[in-house]
Amino acid sequence: MFDDHEALTRARNAYAYAPLRLVRSESAGAQAALWDMPVQFAGPLEGQASAFASWPSWDLDQHHAGLLRSQNNDDVLLGVASVTFWGFAQGRGGRLTTARALARAKNIAGLGQHKADEASTIVDKVRIFSAHLDRGDRQAAINEAMSLQHHGLAFASKLLAFASPETACVYDEVISLRLGASDDNRLRALHVSTAGKHRLAEKASAYAGWAQLCASKASDLNRDGRLWLDWDGSERSWRAVDVERAYFGLGRPSAPSGELTVAERRA
């Protein structure tokens, strides 16, 4: 399937993970205060899949990249919290789980029951892994991101994907399961469990290989003249993150062959 450009394009067009995010808010309308910043979530509400046209995935990527790459420390912190919120905001079956997602974002800001990094540590680590990405060192980048509290491989890779969507992508549970079940030796060799904070060197190596493969496939698709359709009808060229989203869109390997799922969770 990975070499079937038509199938990848169909899968990317069908990808429909809710484009929810955190944004700054006036104090009166805030749903939380993270690092003393009033925030609220933005995006389509439950049952409003048709409203995705007003929230294209490209804009979600630009929102997070702008925050994570900002020279403003508060922007960087909001970016990290928003990526966490996004990753937990939709459950299986398309059900929105914004209360759970907001609780997870609060954990990042030290408002939960578990230990959290200092704000300055978070900002420093984001800038370090961004510099690694800019140098093309995905392995060093994912290692740095995984050193953050509350960030195993899945959520560390989400930060990289939004910081550099052209060259990085997500490696979460669904991706792990699909790689492990693949009959393609290239893909199966990149399988690693996303659970826990152990075997980090193996996880970093698998991540770097997966991201490189997705970036290479994006180049192939662009040379082939393929474009994918965003929810607002815009035609877009391929990036590493788009190839990964297409692969994710096929769902867990237990799903019927060729069935596109639009309601997995990105945890």
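Position 9 of the sequence shown, counted from 1, bears residue number 9 in the UniProt record's numbering, the numbering being contiguous throughout. Just so it is clear, CB atoms sit at the ideal spot from N, CA and C, and this is done for glycine as well. This one's a predicted model, so the numbers in the text were calculated from it and none came from an experiment.
Task: CB of residue 41 within 8 Å of CB of residue 20, strictly - done: Working through the sequence shown from its first residue, we reach residue 41 at position 41. Working through the sequence shown from its first residue, we reach residue 20 at position 20. With contacts defined by Cβ atoms closer than 8 Å, residue 41 and residue 20 form a contacting pair.
- [ ] Would you check if there are 3 or more beta carbon pairs closer than 8 Å linking the stretch 67-74 to the stretch 50-58?
- [x] The stretch 67-74 vs the stretch 50-58: no contact.
Task: Beta-carbon gap between residue 52 and residue 16 smaller than 8 Å - done: Numbered from its first residue, the sequence shown carries residue 52 at position 52. Numbered from its first residue, the sequence shown carries residue 16 at position 16. Contact annotation: residue 52 and residue 16 have beta-carbon atoms nearer than 8 Å.
- [ ] Assign residue 164 to one of two classes, buried (16 or more other C-beta atoms within 10 Å of its C-beta) or exposed (fewer than that).
- [x] Counted from its first residue, the sequence shown places residue 164 at position 164. Around the C-beta of residue 164, 16 or more other C-beta atoms lie within 10 Å, and the residue is accordingly described as buried.
Task: residue 78 versus residue 142 - alpha carbon distance - done: Position 78 of the sequence shown, counted from the start, is the residue given in the question as residue 78. Position 142 of the sequence shown, counted from the start, is the residue given in the question as residue 142. Going by the C-alpha atoms only, they are around 20 Å apart.
TODO: Determine the closest residue to residue 89 out of 22, 203, 176, 227, with distance taken between C-alpha atoms.
DONE: Along the sequence shown, one-based indexing puts residue 89 at 89. Distance from the Cα of residue 89 is smallest, within the candidate group 22, 203, 176, 227, for 22.
Open item on the list: So for residue 173, helix, strand or coil by DSSP?
Closed with: Within the sequence shown, residue 173 is the residue found at index 173, counting from 1. Of the three classes helix, strand and coil, the one that applies to residue 173 here is helix, per DSSP.
Task: Residue range of the unbroken beta strand (DSSP E) whose run includes residue 40 - done: Your numbering for residue 40 matches position 40 in the sequence shown. In the DSSP annotation of this structure, the continuous segment of the beta strand (DSSP E) that includes residue 40 starts and ends at 37-42.
Open item on the list: Please give the ranges of any beta strand (DSSP E) in the stretch 91-116, keeping only runs that are unbroken, at least 3 residues long and fully inside the region.
Closed with: Runs found: none.
Open item on the list: Closer than 8 Å is the cut-off here; do at least three beta carbon pairs connect the stretch 140-155 with the stretch 199-213?
Closed with: With the cut-off at 8 Å, the stretch 140-155 and the stretch 199-213 touch.
Task: Alpha-carbon to alpha-carbon, residue 224 and residue 108 - done: In the sequence shown, the residue the question calls residue 108 occupies position 108. In the sequence shown, the residue the question calls residue 224 occupies position 224. Annotation: residue 108 to residue 224 spans about 41 Å, alpha carbon to alpha carbon.
Task: Cβ separation of residue 210 and residue 221, assumed to be a contact under 8 Å, to the nearest whole Å - done: In the sequence shown, residue 210 corresponds to position 210, counting from 1. In the sequence shown, residue 221 corresponds to position 221, counting from 1. That pair is no contact at about 16 Å.
- [ ] Return the residue from the list 92, 205, 131, 149 that minimises the CA-CA distance to residue 112.
- [x] For the purposes of this step, residue 112 is taken as the residue at position 112 of the sequence shown. For residue 112, the closest C-alpha among the options 92, 205, 131, 149 is that of 149.
TODO: Quick one: residues in its chain with C-beta nearer than 8 Å to the C-beta of residue 122, no 5 flanking neighbours on either side, listed in chain order?
DONE: As a first step, residue 122 is located in the sequence shown; it is residue number 122 there, counting from the start. Correct list, in chain order: 76, 77, 80, 108, 148.
TODO: Grab me the residues of residue 29's own chain with a C-beta within less than 7 Å of its C-beta, minus the 5 sequence neighbours each way, in chain order.
DONE: Working through the sequence shown from its first residue, we reach residue 29 at position 29. Within the same chain, residue 29 has close Cβ partners 40.
Task: Run of the beta strand (DSSP E) containing residue 190, from where it starts to where it stops - done: Translated into the one-based positions of the sequence shown, residue 190 becomes position 190. Boundaries for residue 190: no beta strand (DSSP E) harbours it, and the DSSP string shows neither H nor E there.
Open item on the list: Using a Cβ distance threshold of 8 Å, determine whether the stretch 165-174 contacts the stretch 237-251, with at least three qualifying pairs required.
Closed with: The stretch 165-174 makes contact with the stretch 237-251, as at least three CB pairs between them are under 8 Å.
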